[in-house]
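Right, one structure below, let's go through it.
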Amino acid sequence: MSIDPRVALQSLTAALEEHLAAASARRGAGDPAVEAAFFAVADAFEVYDDSLYEAYGEVTPLEVIEDDSDEDEEEDVDDEEDLEILQD
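Quick note: the sequence shown uses UniProt numbering, first residue 1, plus one each step.
Right under this line is the structure:
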């Protein structure tokens, strides 16, 4: 079942408006309302981008960036282990 890109765009616009409202009413760092709105924007964007591609073979010039902090920490540990092996 594909979603009409216009409907997906309306959902994305609404998610962006909710994010703005949550950000402007932020109650400190790590406010769960801002975090929830952030993820709602990311989800709505992916639905819009997918529906745009399915309907018209087009994509936006935007990309949702995944949180790679866990992977970065693992790579740092691996790099340190490799360095220790080279030093021995």
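For each residue, glycine too, the CB sits at the ideal point set by N, CA and C.
- Query: Hey, how far is the Cα of ALA25 from the Cα of VAL59?
  - Reply: Answer to the nearest angstrom: the Cα atoms are 32 Å apart.
- Task: Classify TYR56 as buried or exposed, calling it buried when 16 or more other Cβ atoms lie within 10 Å of its own Cβ.
- Result: Exposed, by the Cβ-count rule.
- Task: Compare the C-beta of ILE3 against all C-beta atoms of chain B and say whether one is closer than 8 Å.
- Result: Going by chain labels, chain B is absent from the structure shown, which holds only one protein chain.
- Could you check the C-alpha separation between HIS19 and ARG6 for me, to the nearest Å? When rounded, the distance between both Cα atoms is 20 Å.
- Beta-carbon separation of GLU54 and SER2 under 8 Å? Yes. Within cutoff.
- Is the distance from the Cβ of ALA23 to the Cβ of VAL34 below 8 Å? Going by C-beta atoms, ALA23 is nearer than 8 Å to VAL34.
- Message: I need the straight-line Cα distance from ALA14 to ASP49, nearest angstrom please.
- Response: Rounded to the nearest angstrom, the gap between the Cα atoms of ALA14 and ASP49 is 15 Å.
- Rounded to whole angstroms, what's the CA-CA distance from PHE45 to GLU66? Just pull it up for me. Cα to Cα, the separation comes out at about 13 Å.
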